[in-house]
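As given, the protein sequences belong to chains A and B, one line each in that order. This note's numbering numbers the first residue of the first sequence as 4 and each following residue consecutively. This note's numbering numbers the first residue of the second sequence as 222 and each following residue consecutively.
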Amino acid sequence: MKFLDEYRDGATAQKLVRAIEQITTRPWTIMEVCGGQTHTIVKYGIDEMLPKGIELVHGPGCPVCVTSLEMIDRAHAIASKPGVIFCSFGDMLRVPGSRGDLLQLKSQGCDIRILYSPLDAVSIAAANPDRQVVFFAIGFETTSPPNAMAVAMAARRGLTNFSVLVSHVLVPPAMTAILAAPDNRVQAFLGPGHVCTVVGNSEYPPIARQFRVPIVITGFEPVDMLEGLLMAIRQLEEGRAEVENAYGRAVREEGNPASRALIDEIFEVCDRKWRGVGTIPQSGLRLRPKYHAFDAERRFDVETIETQESTVCISGDILRGVRKPQDCPAFATACTPHAPLGATMVSSEGACAAYYAYGRHLQATPVAVHLGV
Amino acid sequence: MSDVPARAITVADLLGSCPAPFTQYDRVLLGHGSGGRLSADLIHRLFLPAFHNEVLSRLDDQAVCTLAPHADVRIAFTTDSFVIQPIFFPGGDIGRLAVHGTVNDLAMGGATPLFLSAAFILEEGLPIADLRRVVTSMREACDAAGVTLVTGDTKVVDRGKGDQIFITTSGVGVVPRGRALSAASCQPGDRILVSGTIGDHGIAIMSVREGIEFETTLESDTAPLADLTRVMLDACPQIRCMRDPTRGGVSSALHEIAATSNVGMRLSEAAIPIRAEVRGACEILGLDPLYVANEGKLIAIVPAAGAEPLLTVMRAHPLGQDAAVIGEIVAEHCGMVIMRSLVGGTRVVTMLAGEQLPRIC
Numbered sequence: 004m005k006f007l008d009e010y011r012d013g014a015t016a017q018k019l020v021r022a023i024e025q026i027t028t029r030p031w032t033i034m035e036v037c038g039g040q041t042h043t044i045v046k047y048g049i050d051e052m053l054p055k056g057i058e059l060v061h062g063p064g065c066p067v068c069v070t071s072l073e074m075i076d077r078a079h080a081i082a083s084k085p086g087v088i089f090c091s092f093g094d095m096l097r098v099p100g101s102r103g104d105l106l107q108l109k110s111q112g113c114d115i116r117i118l119y120s121p122l123d124a125v126s127i128a129a130a131n132p133d134r135q136v137v138f139f140a141i142g143f144e145t146t147s148p149p150n151a152m153a154v155a156m157a158a159r160r161g162l163t164n165f166s167v168l169v170s171h172v173l174v175p176p177a178m179t180a181i182l183a184a185p186d187n188r189v190q191a192f193l194g195p196g197h198v199c200t201v202v203g204n205s206e207y208p209p210i211a212r213q214f215r216v217p218i219v220i221t222g223f224e225p226v227d228m229l230e231g232l233l234m235a236i237r238q239l240e241e242g243r244a245e246v247e248n249a250y251g252r253a254v255r256e257e258g259n260p261a262s263r264a265l266i267d268e269i270f271e272v273c274d275r276k277w278r279g280v281g282t283i284p285q286s287g288l289r290l291r292p293k294y295h296a297f298d299a300e301r302r303f304d305v306e307t308i309e310t311q312e313s314t315v316c317i318s319g320d321i322l323r324g325v326r327k328p329q330d331c332p333a334f335a336t337a338c339t340p341h342a343p344l345g346a347t348m349v350s351s352e353g354a355c356a357a358y359y360a361y362g363r364h365l366q367a368t369p370v371a372v373h374l375g376v
Numbered sequence: 222m223s224d225v226p227a228r229a230i231t232v233a234d235l236l237g238s239c240p241a242p243f244t245q246y247d248r249v250l251l252g253h254g255s256g257g258r259l260s261a262d263l264i265h266r267l268f269l270p271a272f273h274n275e276v277l278s279r280l281d282d283q284a285v286c287t288l289a290p291h292a293d294v295r296i297a298f299t300t301d302s303f304v305i306q307p308i309f310f311p312g313g314d315i316g317r318l319a320v321h322g323t324v325n326d327l328a329m330g331g332a333t334p335l336f337l338s339a340a341f342i343l344e345e346g347l348p349i350a351d352l353r354r355v356v357t358s359m360r361e362a363c364d365a366a367g368v369t370l371v372t373g374d375t376k377v378v379d380r381g382k383g384d385q386i387f388i389t390t391s392g393v394g395v396v397p398r399g400r401a402l403s404a405a406s407c408q409p410g411d412r413i414l415v416s417g418t419i420g421d422h423g424i425a426i427m428s429v430r431e432g433i434e435f436e437t438t439l440e441s442d443t444a445p446l447a448d449l450t451r452v453m454l455d456a457c458p459q460i461r462c463m464r465d466p467t468r469g470g471v472s473s474a475l476h477e478i479a480a481t482s483n484v485g486m487r488l489s490e491a492a493i494p495i496r497a498e499v500r501g502a503c504e505i506l507g508l509d510p511l512y513v514a515n516e517g518k519l520i521a522i523v524p525a526a527g528a529e530p531l532l533t534v535m536r537a538h539p540l541g542q543d544a545a546v547i548g549e550i551v552a553e554h555c556g557m558v559i560m561r562s563l564v565g566g567t568r569v570v571t572m573l574a575g576e577q578l579p580r581i582c
């Protein structure tokens with residue numbers, strides 16, 4: 004299949020691995036920012052293919068994971084109200100709030116629907132004028148244009164029964180928070196390819212300069228990731244700290260101007276609490292005052308919910324790349340995807356969930372498959 | 222045929238070392254019907270303790286029993302319920318599915334399917350024309366599969382209490398003398414075969430289901446497999462066991478076999494046949510084809526020496542044209558399925574937890 008097969012090609016991947024082996028002279032710790040990249044690493048066993056000293060640590064880029072417990076509880080409070088149709092991306096449904104997950108609410112009779120596009124929620128609102136339709140607008144810069152578009156469409160159609168529960172987060176402030184921490188171990192970043200497709204690269208050179216870290220904007224297929232790793236390691240070995248683009252087929256310097264304009268029209272930057280990390284200044288998006296009529300928090304009066312997190316969970320350290328899933332005493336025992344304790348186990352893109360899904364807790368000795376097929 | 226004693230699957234076999242999630246839920250979730258870990262949990266914690274007996278504990282797709290004074294006659298018996306939306310879909314309908322599902326469960330045990338029953342739960346308001354279409358389709362499917370529908374039942378529930386039509390079929394077949402397929406009989410070195418492309422049924426259904434708009438001409442693979450299994454067993458009587466990877470997909474079927482035989486499995490991702498349309502849809506929908514349902518495919522485990530001849534026979538059959546060897550049985554990592562990825566790394570293929578939920582991005 005075009006645009007997939009060439010980026011999953013075994014021979015190309017092996018060639019890149021050999022190139023990485025040739026230039027690597029000492030250990031390096033590299034963080035991939037995005038949950039989708041973490042997923043690719045464990046799905047294809049990329050970390051096992053690298054030279055011993057190259058350590059991949061998994062970043063905060065899973066939007067489902069970092070959505071705060073308060074926000075999940077707000078979602079539950081809204082979804083439980085009579086007459087509400089609560090719409091969400093699929094993997095938010097299994098995220099536990101203080102009292103169970105949305106799948107359980109659904110089994111109790113609440114009208115909760117999985118959508119692929121926020122625009123479908125607008126259509127549902129138009130078709131059900133006597134019901135309140137709420138879309139759970141989460142995600143990084145990547146999902147902010149479609150979520151903004153849903154609000155713009157609802158405004159244009161004059162819908163009064165549509166609102167969004169906004170919990171958008173931004174990548175650059177999270178990277179800065181990780182690098183500024185005293186126990187930071189990250190020496191280079193594989194940057195968020197799809198975030199940059201939307202908003203461009205311009206926010207990253209100041210970070211690379213200030214903290215002396217290479218940032219390589221990277222895609223999501225195995226060959227993309229190996230290319231990104233090769234470029235990042237080459238910079239580290241040569242003592243450079245620049246922003247490079249390894250995902251040229253998708254990312255332009257200026258991003259997507261139409262999407263940026265739309266985001267800017269609907270949203271403004273705000274402080275945001277990240278699950279497992281805490282509040283990071285200027286790290287989120289919220290609706291601009293002129294769109295407050297579409298703000299579900301205001302419409303349903305759920306702004307004041309406060310919550311407590313598990314004390315065992317080390318997801319904050321995992322999100323910052325300080326520790327790995329296996330370092331947690333609860334990993335794969337008290338904490339599993341069916342009964343997650345914290346941020347990184349709740350979504351399939353979270354580092355703990357990815358390690359679990361691909362059986363890292365089972366500690367199989369990886370063995371070559373020798374098939375004559 | 223096997224010298225490996227049959228062994229009941231334990232909860233630990235299916236659930237691994239992690240604590241079971243059952244107690245987390247005080248109500249039934251959709252995930253309990255997914256064919257994955259939650260389904261296994263329900264069976265082991267609730268149904269097996271209630272009905273425990275030697276035949277049921279084998280947890281095969283069909284029960285094979287002897288009728289006491291006729292110890293030489295073994296019958297295979299199975300039952301299955303069908304709930305699907307939409308009831309008419311590309312490549313089939315609920316009626317055809319209900320016949321094929323039960324016929325295939327019998328065929329996987331090496332049985333020749335003979336008789337079916339069908340129980341219909343109809344929702345008030347269902348157009349008679351739709352019911353007639355379903356029934357006509359069932360009759361055609363029975364004829365094609367060589368089975369006779371000999372008994373049935375009908376109930377009607379209030380509008381809103383059902384979803385158009387639910388069908389339960391049960392089936393009886395006979396197992397030829399000397400044939401003893403068993404999911405407990407697999408040995409290291411055996412080869413794992415699949416009869417064709419995987420994920421076709423699940424993606425065909427998802428593509429037309431309300432809420433997920435995906436344009437594709439992909440059709441369900443629903444088909445009766447008894448003729449394919451007949452030629453396979455004629456050509457290769459040493460086949461260890463067969464499974465049709467329906468709910469929960471290939472992953473669930475392989476895990477059941479690995480756990481029951483107490484062996485490990487190694488797969489090669491590059492060897493698994495998947496249609497380009499299914500791969501594309503899975504990419505877009507954020508799903509893994511290893512967990513997507515099939516209704517006209519089977520998995521067969523066979524000693525290494527039999528793999529190539531069996532493959533030749535399968536590929537000569539209309540329902541096995543894309544058959545492939547996808548992996549082998551190993552003595553290591555018992556109960557686990559490990560796959561070599563396209564780029565050369567390895568990963569563990571885990572059992573599906575509940576429903577497969579689409580990912581955000």
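Beta carbons are placed, not taken as given, at the ideal position from N, Cα and C, and that holds for glycine.
CA nearest to the CA of residue i, picked from the options
i               : options                        : result
A491 of chain B : B:L454, B:S562, B:M572         : B:S562
A297 of chain B : B:V396, B:L402, B:G257         : B:V396
K382 of chain B : B:F310, B:E345, B:Q542, B:R430 : B:E345
V280 of chain A : A:V254, A:I317, A:A253, A:R21  : A:I317
V219 of chain A : A:Q213, A:T28, A:L239, A:Y10   : A:L239
T323 of chain B : B:T467, B:D293, B:D509         : B:T467
I308 of chain A : A:M34, A:V67, A:I75            : A:I75
L72 of chain A  : A:Q135, A:I49, A:E144, A:V98   : A:V98
R279 of chain B : B:D455, B:R487, B:S482         : B:S482
P292 of chain A : A:V154, A:R212, A:T221         : A:V154
Chain A contact for residue i (CB, 8 Å cutoff)
i               : result
R430 of chain B : no
G501 of chain B : yes
V569 of chain B : yes
S562 of chain B : yes
E504 of chain B : yes
Y246 of chain B : yes
P242 of chain B : Because P242 of chain B carries a pLDDT of 35, less than 50, the predicted location of this residue cannot be relied on, and the following value inherits that uncertainty. Judged by the 8 Å Cβ criterion, P242 of chain B is in contact with chain A.
Run of the beta strand (DSSP E) containing residue i, from where it starts to where it stops
i               : result
K376 of chain B : 369–378
G485 of chain B : 485–489
E271 of chain A : 270–277
Residue span of the alpha helix (DSSP H) that contains residue i, given as start and end
i               : result
H42 of chain A  : 38–47
E245 of chain A : Segment: none, E245 of chain A is in no alpha helix (DSSP H) and carries neither H nor E.
H197 of chain A : 196–202
L318 of chain B : 315–329
P209 of chain A : 207–214
H79 of chain A  : 72–82
P530 of chain B : 525–536
L267 of chain B : Element bounds for L267 of chain B: n/a, residue is neither H nor E.
F303 of chain A : 299–303
L506 of chain B : 497–506
CB contact below 8 Å: residue i versus chain B
i               : result
I49 of chain A  : yes
L374 of chain A : Residue confidence for L374 of chain A is low, a pLDDT of 32 falling below 50, so the modelled location carries little weight and cannot support an answer.
K327 of chain A : no
L7 of chain A   : yes
K55 of chain A  : no
L232 of chain A : no
V45 of chain A  : yes
Y361 of chain A : yes
P225 of chain A : yes
A333 of chain A : no
Chain-ordered neighbours of residue i on chain A, where CB pairs are closer than 8 Å
i               : result
A497 of chain B : M4
V249 of chain B : S110
Chain-ordered neighbours of residue i on chain A, where CB pairs are closer than 7 Å
i               : result
G565 of chain B : G13, A16, Q17, M52
Within chain B, the residues that residue i reaches when beta carbons sit closer than 9 Å
i              : result
Q40 of chain A : By Cβ distance, chain B contributes nothing, its closest Cβ being about 11 Å from Q40 of chain A, past 9 Å.
Heavy atom of the ligand ATP within 7 Å of residue i beta-carbon
i               : result
Q408 of chain B : Questions concerning the ligand ATP fall outside what the structure shown contains, since it holds no ligand whatsoever.
Does the segment 79–88 of chain A touch the segment 42–57 of chain A, meaning 3 or more C-beta pairs lie closer than 8 Å? no
Take every Cβ of the segment 133–141 of chain A, pair it with every Cβ of the segment 41–50 of chain A, and state whether three or more of those distances are shorter than 8 Å. no
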